[in-house]
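Protein chains in written order, with my numbering: chain C, 500 to 612; chain W, 2 to 222. First comes the structure, then the notes that go with it.
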């Protein structure tokens, strides 16, 4: 039910759609619910000039400057999650007890440089 | 199992990949909590992830342990002993860094008892802490952990055992006793009062803990 990130084919740093299905990783026999969830991931460039919508840190601004002076020695800032939200999972533990656990930082809501 | 998968499971708080042998149905209380949390909008979801609102306690891990105990011989009953049972919960899955914030015992019966007892007659329920290795029967003069009287038995009885479990060990062992008490000479009706305790069905222990992830977040804040 998480809001889908925009599907614009922008090369800039943004959340990209990633649905994690627990059956794809072979965990479906012990995770009761959910069967999967929209986790998303961060992808894209953090180019010069760093636009306001790229959620850039001061560190990224300075790294961009150093990168423009020394592109070989210093990489461009990278695109990382800046806001994540939790999900709840129901599963069987190693002793067959049913566990409800809230896991933080599971869904990428926003990315930044 | 690849070392990579093991390492990922460890960061999710699991020592190994579970493979349920006798999967039990999901307790309705956990299912309700899961559905409610799934429907929360973002800021509420974030705020409540280290609190179990339904039980009004801090925590991010809720477990329901099934009872692995057995019925005990009635021994030397005082009055009308209807039922004596060892309740045993294996708590070894609790991790070292988890802090227990709530433990609630639920006793379930097949049905409510609506039969009117005789005047002054009640069902007395007592829970004693016991050692799973030692004699599971209560020692004479030992005070029960919980002592309650009922005129009618309800389908579900809840007992807060949080104080008794502040320092949880690897297991919890309790002795449950239900006895009928009342006016002498009314033994026939005491026997029928005992019959309502025969509807005893199941016991479970709901445990809420605060995991390391939430504890670290709280100290950071």
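Glycine is no exception: its CB is placed at the ideal position from the N, C-alpha and C atoms. Nothing here was measured: the structure is a model prediction, and the numbers come from that model.
Should residue i and residue j be called a contact, given that it needs their Cβ atoms to be closer than 9 Å?
{"i": "residue 604 (chain C)", "j": "residue 584 (chain C)", "result": "yes"}
{"i": "residue 90 (chain W)", "j": "residue 72 (chain W)", "result": "no"}
{"i": "residue 175 (chain W)", "j": "residue 130 (chain W)", "result": "yes"}
{"i": "residue 609 (chain C)", "j": "residue 580 (chain C)", "result": "yes"}
{"i": "residue 559 (chain C)", "j": "residue 576 (chain C)", "result": "yes"}
{"i": "residue 61 (chain W)", "j": "residue 166 (chain W)", "result": "no"}
{"i": "residue 173 (chain W)", "j": "residue 150 (chain W)", "result": "no"}
{"i": "residue 510 (chain C)", "j": "residue 544 (chain C)", "result": "yes"}
{"i": "residue 94 (chain W)", "j": "residue 557 (chain C)", "result": "no"}
Quick check: what's the CA-CA separation for residue i versus residue j?
{"i": "residue 20 (chain W)", "j": "residue 548 (chain C)", "result": "51 Å"}
{"i": "residue 108 (chain W)", "j": "residue 203 (chain W)", "result": "6 Å"}
{"i": "residue 198 (chain W)", "j": "residue 213 (chain W)", "result": "41 Å"}
{"i": "residue 17 (chain W)", "j": "residue 598 (chain C)", "result": "15 Å"}
{"i": "residue 593 (chain C)", "j": "residue 513 (chain C)", "result": "38 Å"}
{"i": "residue 56 (chain W)", "j": "residue 582 (chain C)", "result": "28 Å"}
{"i": "residue 523 (chain C)", "j": "residue 601 (chain C)", "result": "22 Å"}
{"i": "residue 102 (chain W)", "j": "residue 183 (chain W)", "result": "38 Å"}
{"i": "residue 135 (chain W)", "j": "residue 171 (chain W)", "result": "Here the model assigns residue 135 (chain W) a pLDDT of 46, short of 50, so the residue's position is not dependable, and the following value carries that caveat. Each residue's alpha carbon lies about 15 Å from the other."}
{"i": "residue 146 (chain W)", "j": "residue 207 (chain W)", "result": "17 Å"}
{"i": "residue 532 (chain C)", "j": "residue 195 (chain W)", "result": "41 Å"}
{"i": "residue 38 (chain W)", "j": "residue 587 (chain C)", "result": "7 Å"}
{"i": "residue 13 (chain W)", "j": "residue 527 (chain C)", "result": "15 Å"}
{"i": "residue 589 (chain C)", "j": "residue 31 (chain W)", "result": "8 Å"}
{"i": "residue 88 (chain W)", "j": "residue 159 (chain W)", "result": "14 Å"}
{"i": "residue 143 (chain W)", "j": "residue 25 (chain W)", "result": "35 Å"}
{"i": "residue 201 (chain W)", "j": "residue 59 (chain W)", "result": "32 Å"}
{"i": "residue 180 (chain W)", "j": "residue 518 (chain C)", "result": "56 Å"}
{"i": "residue 110 (chain W)", "j": "residue 70 (chain W)", "result": "16 Å"}
{"i": "residue 607 (chain C)", "j": "residue 152 (chain W)", "result": "54 Å"}
Which of helix, strand or coil does DSSP assign to residue i?
{"i": "residue 554 (chain C)", "result": "coil"}
{"i": "residue 5 (chain W)", "result": "helix"}
{"i": "residue 30 (chain W)", "result": "helix"}
{"i": "residue 513 (chain C)", "result": "strand"}
{"i": "residue 135 (chain W)", "result": "Only weak support exists for where residue 135 (chain W) lies, its pLDDT of 46 falling under 50; the value from the coordinates is given anyway. Coil, per DSSP."}
{"i": "residue 594 (chain C)", "result": "coil"}
{"i": "residue 122 (chain W)", "result": "coil"}
{"i": "residue 100 (chain W)", "result": "strand"}
{"i": "residue 215 (chain W)", "result": "helix"}
{"i": "residue 18 (chain W)", "result": "coil"}
{"i": "residue 589 (chain C)", "result": "strand"}
{"i": "residue 521 (chain C)", "result": "coil"}
{"i": "residue 38 (chain W)", "result": "helix"}
{"i": "residue 10 (chain W)", "result": "helix"}
Using a cut-off of 9 Å between C-beta atoms, extract the partners of residue i located in chain D.
{"i": "residue 17 (chain W)", "result": "This model lacks chain D altogether, as its protein chains are C and W."}
Tell me whether residue i, by its Cβ, gets closer than 8 Å to a heavy atom of the ligand ZN.
{"i": "residue 554 (chain C)", "result": "The ligand ZN is absent from the structure shown, which contains no ligands of any kind."}
Subject >> Residue ranges of each beta strand (DSSP E) within the region 526 to 576 of chain C, 3 or longer >> reply: 530 to 532, 535 to 537 and 540 to 542
Original post:
How do the region 3 to 11 of chain W and the region 38 to 58 of chain W stand: do at least 3 beta-carbon pairs fall below 8 Å, yes or no?
Top reply: no
Original post:
Which ranges would you report for the alpha helix (DSSP H) in the region 145 to 211 of chain W if only whole runs of at least 4 residues count?
Top reply: 188 to 198
Original post:
What are the complete beta strand (DSSP E) segments, minimum 3 residues, inside the region 40 to 93 of chain W?
Top reply: 62 to 67 and 81 to 91
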